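K.L.:
Residue numbering for the first sequence follows full-length UniProt numbering, starting at 1 and increasing by one per position.
We put the beta carbon where it would ideally sit given N, CA and C, even for glycine.
None of these values were measured; they are calculated from a predicted model.
Got a structure for you, questions after.
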Amino acid sequence: MRARPAPAAVTVPADWPTTEAGARAVQDTLRARVDLTGPGPEPGTGTAAGVDVAYDDGRGLVAAAAVVLDAATLEPVEEATAVGPVPFPYVPGLLAFRELPAVLTALAALATPPGLVVCDGYGVAHPRRFGLASHLGVLTGLPSIGVAKNPFTFTHPAPGDRRGDQTPLTDGAEEVGRALRTRAGVRPVYVSAGHGVPLDRAVAHTLRLAPAYRLPETTRRADALCRAALRAALGEGAGRG
DNA sequence: GCGACAG
DNA sequence: ATCTTGTCGC
1 MRARPAPAAV
11 TVPADWPTTE
21 AGARAVQDTL
31 RARVDLTGPG
41 PEPGTGTAAG
51 VDVAYDDGRG
61 LVAAAAVVLD
71 AATLEPVEEA
81 TAVGPVPFPY
91 VPGLLAFREL
101 PAVLTALAAL
111 ATPPGLVVCD
121 GYGVAHPRRF
131 GLASHLGVLT
141 GLPSIGVAKN
151 PFTFTHPAPG
161 DRRGDQTPLT
171 DGAEEVGRAL
181 RTRAGVRPVY
191 VSAGHGVPLD
201 RAVAHTLRLA
211 PAYRLPETTR
221 RADALCRAAL
231 RAALGEGAGR
241 G
């Protein structure tokens, strides 16, 4: 069978924050650059990439994957992976500082940039309105959305149980995202605008990318690929110690 | 101060 | 995220 393409080596930027206060300061600066109007690509056109990461905290290793699908057919177009050191601990609200170096490296390894990036997590639904998807969008200039599996600190009325039913995700005041049923009778996903895509359109993208399962195909593919990349990287390490 | 908290 | 077997169901 075809050999898996070698993962790109992740290099953490020299100015990457190392403290929580430093990371929050970066968020407070970059949040001004978020574009909430877009409109970004028409759902079902061009390409959409899913990005995800897997960790081996014991070895301080992270593997990222970027999987590009044809937005109309959901057929794979291209994929890339990256492996490197874990640059930041998991801190709620600071997830981007843990995931972005590897994710950006994988995205940069693609021959053609995608028309949309779908992140595993939140965009503007975030304590400082600058979650992973927004951060990625601002740094790359690519339209991005966040599709999370948990409501994080937000609340929402239960959406109806049919596919497409949705309710506002709020912090008690403003709507920061949408609880969206992608599959009848299954827990909703939590969609928020990242960068360059308005919320309603982010929801439309999510529904088109998730025709059969709870999570978008982009996310499912990226999740499978980053896990495989991590296993491959660990396997190599064991072979020559 | 305590609890809760995307992945 | 990750630790983890079998099991019920389409």
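Can you tell which of Leu199, Gly121, Asp171 has the C-alpha that lies nearest to the C-alpha of Gly50?
P.N.:
Here residue 50 is taken as the residue at index 50 of the first sequence, counted from 1. Here the closest residue by C-alpha is Gly121.
K.L.:
Which same chain residues end up closer than 7 Å to Ala228 when comparing Cβ atoms and leaving out the 5 residues on each side of it in sequence?
P.N.:
What you label residue 228 is simply residue 228 of the first sequence in a count that begins at 1. Taken in chain order, the list of residues that qualify is empty.
K.L.:
Once the 5 residues before and after Thr11 are set aside, which same chain residues still bring their CB inside 6 Å of it?
P.N.:
Counting from 1 along the first sequence, the entry for residue 11 is found at position 11. The answer is none, since no qualifying residue turns up.
K.L.:
Give the straight-line distance between the Cα atoms of Thr45 and Leu69, rounded to the nearest whole angstrom.
P.N.:
Taking the first sequence and counting its residues from 1, the one referred to as residue 45 is at position 45. Taking the first sequence and counting its residues from 1, the one referred to as residue 69 is at position 69. Approximately 11 Å between the Cα atoms of the pair.
K.L.:
Just curious, the alpha helix (DSSP H) that Arg208 is in, first and last residue?
P.N.:
Translated into the one-based positions of the first sequence, residue 208 becomes position 208. Looking at the DSSP string, the run of the alpha helix (DSSP H) that includes Arg208 is 199-209.
K.L.:
Tell me whether residue 302 sits in a helix, a strand or coil according to DSSP, three-state version.
P.N.:
No answer is possible for residue 302: the residues shown for the chain start at 1 and end at 241.
K.L.:
What residues are listed by DSSP as bridge partners for residue 266?
P.N.:
Summary: the structure shown does not reach residue 266, with the chain confined to residues 1 through 241, and so no result is reported for it.
K.L.:
Measure the Cβ-Cβ separation of Val77 and Thr47 and say whether it is below 8 Å.
P.N.:
Your numbering for residue 77 matches position 77 in the first sequence. Your numbering for residue 47 matches position 47 in the first sequence. A contact, by the Cβ cut-off of 8 Å.
K.L.:
Do you know offhand how far His156's Cα is from Arg187's?
P.N.:
Here residue 156 corresponds to residue number 156 of the first sequence, with the count starting at 1. Here residue 187 corresponds to residue number 187 of the first sequence, with the count starting at 1. The alpha-carbon atoms of His156 and Arg187 are separated by roughly 13 Å.
K.L.:
Quick one: residues in its chain with C-beta nearer than 7 Å to the C-beta of Pro17, no 5 flanking neighbours on either side, listed in chain order?
P.N.:
By 1-based counting over the first sequence, the position of residue 17 is 17. Ala23, Val26, Phe97.
K.L.:
With distances taken from CA atoms, which of Gly237, Val147, Thr112 is nearest Arg214?
P.N.:
Here the question's residue 214 lines up with position 214 in the first sequence. Per the Cα distances, Val147.
K.L.:
Would you mind giving the Cβ-Cβ distance between Arg181 and Asp200, rounded to the nearest angstrom? I have them listed as a contact below 8 Å.
P.N.:
On the first sequence, residue 181 is found 181 positions in, with the first residue counted as 1. On the first sequence, residue 200 is found 200 positions in, with the first residue counted as 1. Their Cβ separation, rounded to whole angstroms, is 16 Å, which puts Arg181 and Asp200 out of contact at 8 Å.
K.L.:
Could you check the C-alpha separation between Leu107 and Val191 for me, to the nearest Å?
P.N.:
One-based indexing of the first sequence puts residue 107 at position 107. One-based indexing of the first sequence puts residue 191 at position 191. Rounded to whole angstroms, Leu107 to Val191 spans 21 Å at the Cα level.
K.L.:
Flag this pair as yes or no: are the beta carbons of Val197 and Ser134 separated by less than 8 Å?
P.N.:
In the first sequence, counting from the first residue as 1, residue 197 sits at position 197. In the first sequence, counting from the first residue as 1, residue 134 sits at position 134. No, Cβ-Cβ distance for Val197 and Ser134 is not below 8 Å.
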